[in-house]
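For the sequence shown, position 134 matches number 134 in the UniProt record's numbering, and the numbering has no gaps at all. To start, the structure itself, in structure tokens.
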Amino acid sequence: MLCLGKIKSIINTFSYITTCVIIGTAIYIKVFWQNTQLTVDILWQILSVSLLCSLGNVLYFDNHKELDEKSLKKRFLIRIIVHYLYINCIVIGFGLIYEWFYLDRIDMMVSIFIMILFIFILIWFTNFLRDKELAEQLNEKLKEYYKKE
């Protein structure tokens, strides 16, 4: 079951993804589609893809405290790779459905993969820093709590 913190994580990631995708889309459209006329559908497409991508966070919602540190690191690395592949499947799959690009245009495909990688790294690193700061705050509060005892 998803707790409030996990739902908040998905919502935060959704807002990060949506913001990055809008910026990336603006650049992509300027490069490949120049002066095209867009409908409001593009907004719904961005929101739907962003939501599906943000649901990839559930891959990290697992507590295996009984595992040793080496196993935890290995499992975490595997989850990052699976998450990245999941994001690629969502973006490429829906990008083809929504006709954002064409498979036979190598320049479009390369730029999409670069954009996905850049956005993935940016958001992953942002989440990492946010989670690290939260962990430090919690550890500090625990220290204060145990000093009182």
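Note that CB positions come from ideal geometry on N, CA and C, so glycine has one too. These numbers were taken from a predicted model, which means no experiment stands behind them.
Helix, strand or coil at residue i according to DSSP, with G and I counted as helix
| i | result |
| --- | --- |
| T39 | coil |
| C3 | coil |
| L103 | coil |
| Y98 | coil |
| F61 | coil |
| W44 | helix |
| W33 | coil |
| E133 | helix |
With 16 other Cβ atoms within 10 Å as the buried cut-off, status of residue i
| i | result |
| --- | --- |
| I87 | buried |
| Q37 | exposed |
| Q137 | exposed |
| Q34 | exposed |
| C3 | exposed |
| G93 | exposed |
Whole-angstrom distance between residue j and residue i, CA atom to CA atom
| i | j | result |
| --- | --- | --- |
| S71 | G5 | 25 angstroms |
| Y102 | L51 | 23 angstroms |
| A26 | Y16 | 16 angstroms |
| Y84 | I23 | 20 angstroms |
| L59 | R79 | 6 angstroms |
| Y145 | I116 | 43 angstroms |
Proximal residues to residue i (C-beta, below 6 angstroms), its chain only, five neighbours per side dropped
| i | result |
| --- | --- |
| N57 | S9, I10 and T13 |
| C53 | I17, I87 and I90 |
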